[in-house]
Amino acid sequence: MSQTPHPLQVYCNDKETVGVCRVEFYTTGGAFLQGMKMFVLILFVAILSIVLPGLHFITVPLGILASPFVWIYVFLTRKGAVKRMNGNFFCPECGANNNVAFRGIPPYSNKCVQCQHDFTCSPVAPPPGSNPRINGVKLD
Ligand SMILES: [Zn+2]
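Counting in our numbering, the sequence shown tops out at residue 140, every number present.
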C-alpha cells in the first residue's frame, strides 16, 4: 500500500467530490502470477470437462486453446492496475463521512452509509514508476 495519499474522485447523483485514498498497485510479477492462476484454472476446468459426454469435444480443445490468451489478457490488464484501495470522502449528497475499501480494478460503486445514494469512485493515482508530470513538474 502506497504511503502517499492520492485524490479519490467520487460521483454521486450527478454531483462530484474529491476524497483521499491510499492505493496498492499490481506489480509486473503479481500480474504475471494472477495470469498464471487463471491459465491453470481454465486448463484444470478443461481437463475436468473430459467427463462430460459429447460436450468435451468442444470444451477440452477450447480450454486448451484459450488458456494462454487468458494468461496474456489478465497480465496486460492487471499490470500497473489498482489492486486494492482504501479511501475516505464526504458524501456530496448528505455530507456523511464514508470510509471505503475495495479490491480489483476501478471504478468502484457502493451506497452512502447515511443517505443510501449510489456512488461511484475511482482513485486518481499514477501507477508506480510511471514518472507522471504535469507541465514538466514531477508529481509525488
Ligand atoms: Zn450520503
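Ideal Cβ placement from N, Cα and C applies to all residues, glycine included.
Cα-Cα separation, G95 to H6: 20 Å
Sorted by chain position, which residues of the same chain lie with C-beta nearer than 6 Å to V10's C-beta, five sequence neighbours on each side aside? Only T17, G19, F89, F119 and C121 meet the Cβ criterion.
With a Cβ-Cβ cutoff of 8 Å, do S67 and T59 count as a contact? no
What number of angstroms, rounded off, separates the C-alpha of L62 from the C-alpha of Q116? For L62 and Q116, the distance between alpha carbons rounds to 44 Å.
Between I42 and chain D, is the shortest Cβ-Cβ distance under 8 Å, so that the two count as touching? Of the protein chains in the structure, only one exists, and it is not chain D.
Taking the DSSP output, what are the residues bridged to G19? G19 pairs with L8.
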